[in-house]
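The structure appears right after this line, and notes come after that.
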């Protein structure tokens, strides 16, 4: 998804968030993961301060369109992308691919050659596969939703 003139994309460490950016991120994750998907779990899990966050916003639309969080363990040569969230109005636009590619690129920048892990909702296996991830687990239930573990070597 090419960014329009009204859109911005940026990486943020947790302590660089403004209060309004943090509120928008937590609200979008709540609206999608907890309310829309009816998965009642502790989204605020204490891990956000340790992650880098990539956010795409649109001033002309509803604000935050999508986000991911990235954990990189350079010493272990691994990374993990999670909390991939897209606002309903931005789905089907290629935003998910843009978010994931940004995460892959950032992980490779911070830990060249690292393996990248995702715990993917099972119905998205083909999408993640198209980005070079391969399935490494059977389907399992996490927070009431079928998931699979995938790695991009």
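Residue numbers (my numbering): 3 to 155.
Every residue gets a Cβ at the ideal spot worked out from N, C-alpha and C, and that includes glycine.
Alpha-carbon to alpha-carbon, residue j and residue i
{"i": "residue 106", "j": "residue 22", "result": "26 Å"}
{"i": "residue 45", "j": "residue 38", "result": "14 Å"}
{"i": "residue 66", "j": "residue 79", "result": "31 Å"}
{"i": "residue 33", "j": "residue 119", "result": "25 Å"}
{"i": "residue 50", "j": "residue 114", "result": "23 Å"}
{"i": "residue 88", "j": "residue 30", "result": "8 Å"}
{"i": "residue 128", "j": "residue 94", "result": "15 Å"}
{"i": "residue 130", "j": "residue 136", "result": "8 Å"}
{"i": "residue 148", "j": "residue 40", "result": "13 Å"}
{"i": "residue 25", "j": "residue 47", "result": "15 Å"}
{"i": "residue 10", "j": "residue 86", "result": "17 Å"}
{"i": "residue 6", "j": "residue 97", "result": "12 Å"}
{"i": "residue 121", "j": "residue 91", "result": "24 Å"}
Residues near residue i by beta carbon distance below 6 Å, same chain, minus five either side
{"i": "residue 43", "result": "145"}
{"i": "residue 139", "result": "150 and 151"}
{"i": "residue 14", "result": "55"}
{"i": "residue 155", "result": "117"}
{"i": "residue 60", "result": "8, 9 and 67"}
Proximity below 8 Å, CB of residue i to CB of residue j
{"i": "residue 27", "j": "residue 69", "result": "yes"}
{"i": "residue 101", "j": "residue 58", "result": "yes"}
{"i": "residue 62", "j": "residue 20", "result": "no"}
Residues of its chain near residue i, where Cβ-Cβ distance is below 8 Å and the 5 sequence neighbours each way are ignored
{"i": "residue 109", "result": "72, 74, 81, 83, 116 and 118"}
{"i": "residue 36", "result": "42, 43 and 45"}
{"i": "residue 125", "result": "148"}
{"i": "residue 133", "result": "99, 102, 103, 106 and 154"}
For residue i, the nearest candidate out of the options (CA to CA)
{"i": "residue 53", "options": "17, 7, 96 and 9", "result": "17"}
{"i": "residue 142", "options": "85, 97, 123 and 98", "result": "123"}
{"i": "residue 12", "options": "91, 92, 104 and 90", "result": "104"}
Any non-hydrogen atom of the ligand SAH within 7 Å of residue i CB
{"i": "residue 154", "result": "What this structure holds is no ligand at all, so the ligand SAH is not there to describe."}
At 3 residues or longer, and completely inside the region 34–107: list those beta strand (DSSP E) runs for me, N to C. 54–60, 65–75 and 80–88
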